[in-house]
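According to numbering that gives the first Met the number 0, the sequence shown is numbered sequentially starting from 0. For every residue, glycine included, the Cβ atom is placed at its ideal position computed from N, Cα and C. Only a predicted model underlies this, so the values are computations on that prediction, with no experimental measurement involved. What follows is a single structure, written as structure tokens, with notes after it.
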Amino acid sequence: MYETREQAFEGIQIETKAVIRYSKATQKAAREGRQGHAWAMADIAKMALQCMRQAHEELWEFCKGQPTPEEMEKLVEAEEAEQTFKKSVASLG
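Written as structure tokens, this is what we have:
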């Protein structure tokens with residue numbers, strides 16, 4: 000999907016932000032009792048999660064297991080965003 004290390008780095012940043020944004024929107028809608036909207040937000044978050052995982056995998060491959068400090072920070076943020084997504088899905092009940 001990504002042709003360069005820089006593209007994968009940019010991709011992981013964009014997709015991580017999307018996962019967090021839509022996961023939080025899922026949780027908010029669920030708290031407000033808007034289940035239909037919550038599920039719609041969860042679907043978007045899941046798509047972003049899949050793209051984020053792809054970017055994570057490709058960035059790791061480009062790094063050959065030796066990421067820069069900035070890349071490592073984004074890899075960790077992506078893993079934390081995945082936990083945020085899991086919590087948002089759990090909030091759907």
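By DSSP, does PRO68 sit in helix, in strand, or in coil?
helix
Determine the contact status of ALA37 and ALA29, defining contact as a CB-CB distance below 7 Å.
yes
Candidates ALA44, GLY92 and GLU31, of which the one nearest THR83 by Cα:
Out of ALA44, GLY92 and GLU31, ALA44 has the C-alpha closest to the C-alpha of THR83.
Cα-Cα separation between ALA89 and GLU14, rounded to whole angstroms:
21 Å
Do you know offhand how far GLY32's Cα is from ALA39's?
13 Å
Can you name, in chain order, every residue of its own chain whose Cβ lies under 7 Å from the Cβ of HIS55, other than the five neighbours on each side?
ILE11, LEU74 and ALA77
Helix, strand or coil, according to DSSP, for GLY35 in the structure here?
helix
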